[in-house]
Amino acid sequence: MLTTNEYLTPVLAEVCAALGLPGNDPALAGAARNKADMSRRFARCGVTAPSTHSVATEDELLRLRATGQLTYPSVNKPADGAGSAGVTVVHSAAEAVSAMRAAREPRGMYGMPLDPRILVQEFAEGTEYSVESITQNGVSSHLCLTRKTVAGGAHRVELGHGLPAALPPEVETTVITQVERAIAAVGIRNGASHTEVMLAPDGQCVVIEIGARLGAGQIGFLIAHALGVDPWAACLDVALGRAVHLAPTRNGYAAVRFLTSPHPGRLASVTGLPLTSHRVPTVHMRKAIGDRVDDLPHNGARLGYFVVTGPDADTVDAHADDLFRQIRIEVVPHTHNQLGWGQVRPANTTAMSE
540 MLTTNEYLTP VLAEVCAALG LPGNDPALAG AARNKADMSR RFARCGVTAP STHSVATEDE
600 LLRLRATGQL TYPSVNKPAD GAGSAGVTVV HSAAEAVSAM RAAREPRGMY GMPLDPRILV
660 QEFAEGTEYS VESITQNGVS SHLCLTRKTV AGGAHRVELG HGLPAALPPE VETTVITQVE
720 RAIAAVGIRN GASHTEVMLA PDGQCVVIEI GARLGAGQIG FLIAHALGVD PWAACLDVAL
780 GRAVHLAPTR NGYAAVRFLT SPHPGRLASV TGLPLTSHRV PTVHMRKAIG DRVDDLPHNG
840 ARLGYFVVTG PDADTVDAHA DDLFRQIRIE VVPHTHNQLG WGQVRPANTT AMSE
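Count along the sequence shown starting at 1, add 539, and that's the number in this note's numbering.
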């Protein structure tokens with residue numbers, strides 16, 4: 540059995556254990572979802588991670604500030620969130636309470652109750668990467684590192700990914716050491732994992748968080764395009780107890796760029812989208828013309844994306860950036876029109892494909 544949905548990973552671990560199937564440690568699987576539990580496991584297992592406080596009330600937050608335990612900038616996030624929803628970079632005491640309230644706004648999937656606690660974390664400076672791994676019977680293989688392009692400001696939404704990212708050997712060794720500690724800390728024994736790390740200018744690696752799933756944001760497709768490895772087939776093989784084949788059959792590079800709204804409103808037009816080709820295998824819009832759109836509070840607010848492939852990072856990133864600059868997105872302020880907000884005008888899908 541397997542899932543690609545982060546909310547279901549603790550349930551999957553329990554089901555696999557009950558049925559005697561390959562799975563993760565059910566006693567620890569919740570720590571790969573709940574970031575308060577994750578933080579405690581990281582500290583216990585020697586994972587280098589941001590200093591973290593867990594608070595349940597605004598009074599607790601204010602006490603942290605009054606006792607000098609809270610420094611700025613800091614990061615406020617839900618203990619039980621996903622997709623960067625409710626995550627805010629806080630730069631002053633005046634922003635702290637509103638950020639805490641924003642962290643309580645996201646809702647979970649399937650009607651699952653969420654942990655109401657909020658994490659207040661030390662802000663980690665550096666360049667963000669993720670490590671995509673497959674673990675079988677407690678032995679991990681690391682498919683690649685992914686370099687992330689992240690929005691600045693209060694909401695650090697992911698705007699692009701590129702893989703495989705290259706790092707100096709000694710830095711990569713440091714990263715992998717921390718990632719393997721994180722995998723063990725949350726009991727990942729069979730399946731995929733996606734570990735987000737921050738690399739400081741001095742090469743120090745800080746683990747931000749880990750998920751017991753494939754990376755989202757088209758990372759699985761980028762792996763398939765760049766390396767010729769099918770990560771979903773690998774997860775299925777692990778779930779069935781079969782030998783996993785992870786040797787790359789391609790030596791390429793792939794990147795994704797996400798489209799975002801300049802401000803909240805109604806999506807009026809999108810022009811300049813690239814045509815699909817062997818170099819641009821996927822162009823996809825998640826929002827249709829006429830849909831309500833938001834700016835960048837979380838990854839789910841992105842409008843669409845396109846994927847670019849090629850022989851190396853420099854070639855692909857330059858091409859992706861050039862294509863991105865040609866796209867124009869028009870958003871008009873919210874108005875009640877004749878169609879009403881419950882109806883959607885069809886999007887122009889001429890240049891789009893799954």
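By construction, the Cβ of each residue, glycine as well, lies at the ideal position given by its N, Cα and C atoms.
{"Asked": "Straight-line CA distance for Thr821 to Ile866?", "Found": "15 Å"}
{"Asked": "Leaving out five residues before and five after Thr685 in sequence, what residues of the same chain have Cβ atoms less than 8 Å from its Cβ?", "Found": "Tyr668, Ser669, Val670, Glu671, His700, Gly701, Leu702, Pro703, Ala704, Gly754, Ile758, Leu761"}
{"Asked": "Give the DSSP bridge partners of Met737, in chain order.", "Found": "Glu667, Val745"}
{"Asked": "State the Cα-Cα distance for the pair Asn790 and Ala568, rounded to the nearest angstrom.", "Found": "34 Å"}
{"Asked": "Please identify the residue among Pro617, Thr848, Gly730 whose C-alpha is closest to the C-alpha of His817.", "Found": "Thr848"}
{"Asked": "Quick one: residues in its chain with C-beta nearer than 6 Å to the C-beta of Val689, no 5 flanking neighbours on either side, listed in chain order?", "Found": "Glu667, Arg695, Glu697"}
{"Asked": "Does the segment 554-562 come into contact with the segment 764-783, if we say contact requires no fewer than three beta-carbon pairs (one atom in each stretch) closer than 8 Å?", "Found": "yes"}
{"Asked": "Roughly how many angstroms lie between the CA atoms of Glu826 and Gly839, to the nearest whole one?", "Found": "The sequence as given places Lys at residue 826; Glu does not occur at that position. Those two C-alpha atoms are separated by around 11 Å."}
{"Asked": "Quick test of your reading: Gly729 and Asn676, contact by CB under 8 Å. State the CB separation rounded to the nearest angstrom.", "Found": "A quick correction: the sequence has Asn, not Gly, at residue 729. Yes, they are in contact, since the Cβ atoms of Asn729 and Asn676 sit about 7 Å apart, within 8 Å."}
{"Asked": "Measuring CA to CA, which of Leu706, Leu862, Arg646 is closest to Thr815?", "Found": "Leu862"}
{"Asked": "Assuming Arg752 and Glu545 are in contact, meaning their beta carbons sit under 8 Å apart, how far apart are those beta carbons, in whole angstroms?", "Found": "5 Å"}
{"Asked": "Pick helix, strand or coil for Met824, following the three-state DSSP scheme.", "Found": "strand"}
{"Asked": "For Gly701, write down the residues that DSSP places opposite it in a beta bridge.", "Found": "Arg686, Ala794"}
{"Asked": "Label Leu878 either buried or exposed according to how many other C-beta atoms from any shown protein chain fall within 10 Å of its C-beta, with 16 as the threshold for buried.", "Found": "With a pLDDT of only 40 at Leu878, under 50, the local geometry of the prediction cannot be trusted, and the value read off the model is given with reservation. By the neighbour-count rule (16 or more Cβ atoms within 10 Å), Leu878 is not buried but exposed."}
{"Asked": "Report all residues from its chain with a CB closer than 6 Å to the CB of Val894; omit the five preceding and five following residues, and keep chain order.", "Found": "Residue 894 cannot be examined here, being either before or after the span of the chain that is shown, 540 to 893."}
{"Asked": "Do Cys744 and Thr587 have their C-beta atoms closer together than 8 Å?", "Found": "yes"}
{"Asked": "The beta strand (DSSP E) that contains Gly843, what's its start and end?", "Found": "843-849"}
{"Asked": "Whole-angstrom Cβ separation of Pro612 and Phe662, contact assumed at under 8 Å?", "Found": "4 Å"}
{"Asked": "Let me check you understand the geometry: is the CB of Ser672 closer than 7 Å to at least one non-hydrogen atom of the ligand PLP?", "Found": "Here there are no bound small molecules, and the ligand PLP is not part of this structure."}
{"Asked": "Near Arg600, what residues of its chain come up, given a Cβ to Cβ distance below 8 Å and the 5 sequence neighbours on each side ignored?", "Found": "According to the sequence as given, residue 600 is Leu; it is not Arg. If we look at Leu600 and ignore the five residues flanking it on each side, its Cβ neighbours are Val594, Leu609, Ala635, Val636, Met639, Ile657, Val659."}
{"Asked": "Once the 5 residues before and after Val710 are set aside, which same chain residues still bring their CB inside 8 Å of it?", "Found": "Leu738, Gly742, Cys744"}
{"Asked": "Go ahead and label Tyr844 buried or exposed: buried means 16 or more other beta carbons lie within 10 angstroms of its beta carbon, across all protein chains shown.", "Found": "buried"}
{"Asked": "Considering only DSSP beta bridges, list what Gly750 is partnered with.", "Found": "His733"}
{"Asked": "Compute the Euclidean distance between the alpha carbons of Asp769 and Ala763, then round it to the nearest angstrom.", "Found": "5 Å"}
{"Asked": "Does DSSP classify Gln660 as helix, strand or coil?", "Found": "strand"}
{"Asked": "Note the first and the last residue of the continuous beta strand (DSSP E) segment covering Ile868.", "Found": "867-871"}
{"Asked": "Helix, strand or coil: how does DSSP classify Ala807 here?", "Found": "strand"}
{"Asked": "Please report how far the alpha carbon of Gly811 lies from the alpha carbon of Leu798, in whole angstroms.", "Found": "12 Å"}
{"Asked": "Report, in whole angstroms, the separation of the C-beta atoms of His858 and Asp834, which I expect to be a contact under 8 Å.", "Found": "Contact flag wrong, Cβ pair sits at about 27 Å."}
{"Asked": "Excluding the 5 residues preceding and the 5 following Val870 in the sequence, name in chain order all residues of the same chain whose CB lies nearer than 7 Å to its CB.", "Found": "Ser800, Pro801, His802, Gly804, Arg805, Leu806, Ala807, Val832"}
{"Asked": "Nearest to Asp851 by CA position, among Thr788, Leu706, Ala765, Ala566, is which residue?", "Found": "Ala765"}
{"Asked": "If you follow the beta strand (DSSP E) that Val819 is part of, which residue opens it and which one closes it?", "Found": "Where Val819 is concerned, there is no enclosing beta strand (DSSP E), given that its DSSP letter is neither H nor E."}
{"Asked": "With a 10 Å radius around its C-beta and 16 neighbouring C-beta atoms as the bar for buried, classify Ala571 as buried or exposed.", "Found": "buried"}
{"Asked": "Is the beta carbon of Glu748 closer than 8 Å to that of Met577?", "Found": "yes"}
{"Asked": "If you follow the alpha helix (DSSP H) that Ser578 is in, where does it begin and where does it stop?", "Found": "574-583"}
{"Asked": "If I'm right that Asp654 touches Asp619 with Cβ under 8 Å, what's the distance once you round it to whole angstroms?", "Found": "4 Å"}
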